[in-house]
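**Student:** In our numbering, the protein residues as written are 817 to 909. Glycine included, C-beta positions come from ideal geometry on N, C-alpha and C.
(1) I'd like to know whether the C-beta atoms of residue 854 and residue 903 end up nearer to each other than 8 Å.
(2) So, do the segment 894-903 and the segment 821-831 have three or more beta carbon pairs nearer to each other than 8 Å?
(3) Rounded to whole angstroms, what's the CA-CA distance from residue 878 to residue 845? Just pull it up for me.
(4) Could you pull out every residue in the same chain whose Cβ sits closer than 7 Å to the Cβ of residue 884, ignoring the five residues on either side in sequence?
(5) Rounded to whole angstroms, what's the CA-CA distance from residue 869 to residue 856? Just pull it up for me.
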């Protein structure tokens, strides 16, 4: 499962500009303030019980994802995307 932020805000560099005079992007900020997600999915869609969240923004670390039982045949995944501004991926861990 992939997570891509659709509410990104570019932070322009104060001094460096391209040939057209437009500032280059120095950083990216996120306009999202609630970074906690909860999904209820069919258990067969992501078989298993242990998952981790990976992102280049977490460097060499990963973050555990809480998986619990939902309705019959479903599981609930609670995912914390705090500190991730652009991209994350969920995989078995």
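**Tutor:** Let me lay it out:
(1) Going by C-beta atoms, residue 854 is not nearer than 8 Å to residue 903.
(2) The segment 894-903 is in contact with the segment 821-831.
(3) The straight-line gap separating the alpha-carbon atoms of residue 878 and residue 845 is approximately 21 Å.
(4) Here the set comprises 891, 892.
(5) So the alpha carbons of these two residues sit roughly 17 Å apart.
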